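For the sequence shown, position 73 matches number 73 in the UniProt record's numbering, and the numbering has no gaps at all.
To keep things clear, I will list the structure first and then write my remarks on it.
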Amino acid sequence: AGTPHMRSAGVISLARMLYEFGGRGDVAALLPSLLTTVLLLLREKAREVVKSALGFVKVAIVVADDETLRAFVPDLCEGLMQWRGDTKNHFRGKIRDVLDRMVARVG
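Take a look at the structure:
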């Protein structure tokens, strides 16, 4: 997808599909590759794409099993902490929510 708007829409639709069908085995098998791809989008400069990626990560934390989630904790933390220097704090609440959910799940 060429524009940030299209990338954002794609990530939102993936998050919705993961939420709806995450309990199925075939969808759960795709989660590691999807999560790897979405974590790359956290490095984008377009805030719209980052906001969508954060939404996907929230859903992935709820849907993923503990083993899969534990494997991605370092990458998730690294991706989330890239926005700590954001002077306008657009994503502070969303990042805090993701970290709270992650700590509650994997400790």
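For glycine and all other residues, C-beta sits at the position ideal for the given N, C-alpha and C.
Just so it is clear, the structure is predicted and the values come from calculations on it, not from any experiment.
Enclosing alpha helix (DSSP H) for E67 [first to last residue]: The count along the sequence shown starts at 1 and reaches residue 67 at position 67. D66 to M81 is the extent of the alpha helix (DSSP H) around E67.
What are the start and end residues of the alpha helix (DSSP H) that includes F56? Residue mapping note: residue 56 aligns to position 56 of the sequence shown, counting from 1. R47 to V63 is the extent of the alpha helix (DSSP H) around F56.
Going by Cα to Cα distance, which pick from A46, L42 and V27 is closest to T3? Locating residue 3 in the sequence shown gives position 3, counting from the first residue. Taking T3 as reference, the option from A46, L42 and V27 with the minimal CA-CA separation is A46.
L76, buried or exposed, once every other Cβ within 10 Å from all chains shown has been counted against 16: Here residue 76 corresponds to residue number 76 of the sequence shown, with the count starting at 1. Counting the other CB atoms within 10 Å of its CB gives L76 a total of 16 or more, which places it among the buried residues.
Going by C-alpha distance, which of T68, E67, P74 and I61 is nearest D97? Here residue 97 refers to the residue found at position 97 when the sequence shown is read from its first residue. Looking only at T68, E67, P74 and I61, the smallest Cα-Cα distance to D97 is reached by I61.
Please report the residue range of the alpha helix (DSSP H) in which G93 lies. Within the sequence shown, the letter at position 93 stands for residue 93. Note, G93: alpha helix (DSSP H), R92 to V106.
So L18 and V27 are supposed to be a Cβ contact under 8 Å. How far apart are they, rounded? Numbered from 1 along the sequence shown, position 18 holds the residue referred to as residue 18. Numbered from 1 along the sequence shown, position 27 holds the residue referred to as residue 27. At roughly 7 Å, the Cβ-Cβ gap stays under 8 Å, so L18 and V27 are in contact.
Cβ neighbour criterion (16 or more within 10 Å) applied to V50: The residue you call residue 50 lines up with position 50 of the sequence shown. It is buried - the Cβ of V50 has at least 16 other Cβ atoms within 10 Å.
Neighbourhood of T68 by C-beta, 7 Å cutoff - its chain only, sequence neighbours within 5 removed: Here residue 68 refers to the residue found at position 68 of the sequence shown. A distance below 7 Å between beta-carbons, with the five flanking residues on each side excluded, links T68 to the following residues of its chain, in chain order: L31 and P32.
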